[in-house]
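Asks: Please see the structure below; I have some questions.
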Ligand SMILES: Cc1cc2nc3c(=O)[nH]c(=O)nc-3n(C[C@H](O)[C@H](O)[C@H](O)COP(=O)(O)OP(=O)(O)OC[C@H]3O[C@@H](n4cnc5c(N)ncnc54)[C@H](O)[C@@H]3O)c2cc1C
């Protein structure tokens, strides 16, 4: 079992910019990760299994819909708190953060933003408490980067819609109670539909043997003449912009999550470099290792300040899609500057799967 000795790097005193509430939320998430994630995560990653027993804990730290108003069961927090929660969760494990991102930004966000008042009241409180888990179906076998080409479609049958098609690489699908599914109507216009697990013709086979995000469950969504009640259509936005608005919200959280993973890499590398003795001295005493560590903390500090500012812009409703590309750049930088002995992190950072969500 891994003992978690993590000490958060804060080279530019970012803490001074955070409110008491931000720190409270962040510290609660940090302690929970130390107590409930770090001791078990290696085992679950090795088994490639999502640890379902953590769902209640994720809900308690506000990881499900942190910015959804309290009247719908959310935590009613601001965007910086949301980011800090994602940072702490991903510090523990990227797959667990992925589960939380999907629930918040890809399921609760579209229901809150594009749904009816009835849909909000029916689903959001249960999703916030973890009583219900959700997934988001956009990617298809033949349409990944280009979701506009999707083939999943629904037909108006008068008193219900008939849904047919398939989605692939869907996080949380093997255990999700509901799926927010994107499909084309007869005119070729994309709409969101809420599909529930017990609907006939709906199945969610699991995808096995992932190389990374192993503690996150991934699978397919198969729709074989699924009758979807008309009240399950999300009415307030349609077209490709509707599904694409959701990953924007997720990516904001992922930008903080990547910082959490980087902070853990730095902390682990620093500790190891101080402990590992070669040529009669700790390797941290060599300039080559010091340079690598200095580059790591520089990149972390830059990312912390960028994410904080992006959070402020999001709070003010001024963070547009164009302001997100630095996230992937930050993620991809890490493999080149991590010192050795961190193979398990390399696996995550090097995999093409990391670009997915
Ligand atoms: C672990 C995991 C979880 C996921 N969870 C979800 C989920 O919950 N819901 C969901 O809907 N989807 C999910 N996805 C799917 C993910 O969003 C897609 O993998 C992604 O959109 C890319 O699609 P693709 O894999 O089909 O790759 P492709 O679109 O086939 O791309 C293959 C390669 O071509 C490159 N490429 C494509 N187009 C261009 C271009 N125009 N210019 C240059 N290069 C290009 C890509 O960068 C990539 O390297 C998940 C994927 C993974 C791996």
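Numbering (my numbering), first residue to last: -2 to 354. Glycine included, each C-beta is placed from N, C-alpha and C at the ideal position.
Under 9 Å, Cβ to Cβ, is there at least one residue of chain B near residue 128?
Replies: As a matter of chain content, chain B is missing from the structure shown, which is built from one protein chain.
Asks: Can you check which of these residues, 275, 91, 30, is closest to residue 2 by C-alpha distance?
Replies: In the chain shown, the residue the question calls residue 2 occupies position 5. It is 30 whose Cα lies nearest to the Cα of residue 2.
Asks: Take residue 37 as the anchor and find which of 76, 4, 17, 0 has the nearest alpha-carbon.
Replies: As a working note, residue 37 is residue 40 in the chain shown. Here the closest residue by C-alpha is 0.
Asks: Please state whether DSSP places residue 362 in a helix, a strand or coil.
Replies: Since the displayed the chain opens at -2 and closes at 354, residue 362 lies outside it and no answer follows.
Asks: Using a threshold of 9 Å, state whether the C-beta atoms of residue 197 and residue 174 are closer than that.
Replies: As a first step, residue 197 is located in the chain shown; it is residue number 200 there, counting from the start. As a first step, residue 174 is located in the chain shown; it is residue number 177 there, counting from the start. No. Outside cutoff.
Asks: Tell me whether residue 29, by its Cβ, gets closer than 8 Å to a heavy atom of ligand 1.
Replies: Counting from one through the chain shown, the residue named residue 29 turns up at place 32. Incorrect: residue 29 has no Cβ contact closer than 8 Å to ligand 1.
Asks: Considering only C-alpha positions, which residue in the set 253, 236, 93, 268 is nearest to residue 146?
Replies: Residue 146 sits at position 149 when you count from the first residue of the chain shown. Nearest C-alpha to residue 146: 236.
Asks: Beta carbon of residue 96, beta carbon of residue 258: below 9 Å?
Replies: Translated into the one-based positions of the chain shown, residue 96 becomes position 99. Translated into the one-based positions of the chain shown, residue 258 becomes position 261. No, the Cβ-Cβ distance between residue 96 and residue 258 is not below 9 Å.
Asks: Could you tell me the alpha carbon to alpha carbon distance between residue 79 and residue 64, rounded to whole angstroms?
Replies: In the chain shown, residue 79 corresponds to position 82, counting from 1. In the chain shown, residue 64 corresponds to position 67, counting from 1. Using only the alpha carbons, I get a separation of about 7 Å.
Asks: Out of 301, 276, 92, 304, which one is the CA nearest neighbour of residue 41?
Replies: If you number the chain shown from 1, residue 41 lands on position 44. Taking only the C-alpha atoms, the option nearest residue 41 is 92.
Asks: Less than 8 Å between the CB of residue 124 and some heavy atom of ligand 1, yes or no?
Replies: Looking up residue 124 in the chain shown gives position 127. No - ligand 1 has no heavy atom lying nearer than 8 Å to the Cβ of residue 124.
Asks: Short check: CB of residue 200 to CB of residue 99, under 9 Å?
Replies: The count along the chain shown starts at 1 and reaches residue 200 at position 203. The count along the chain shown starts at 1 and reaches residue 99 at position 102. The answer is no: Cβ separation not under 9 Å.
Asks: Which residues in the same chain have their Cβ closer than 6 Å to the Cβ of residue 68, if we skip the five residues on either side of it in sequence?
Replies: For the purposes of this step, residue 68 is taken as the residue at position 71 of the chain shown. None.
Asks: Below 8 Å, is the gap between the Cβ of residue 93 and the nearest heavy atom of ligand 1?
Replies: As a first step, residue 93 must be located in the chain shown, where it is residue number 96. False, no ligand heavy atom lies under 8 Å from that Cβ.
Asks: To the nearest angstrom, how far is the alpha carbon of residue 74 from that of residue 20?
Replies: In the chain shown, residue 74 corresponds to position 77, counting from 1. In the chain shown, residue 20 corresponds to position 23, counting from 1. If you take the alpha carbons of residue 74 and residue 20, they lie about 12 Å apart.
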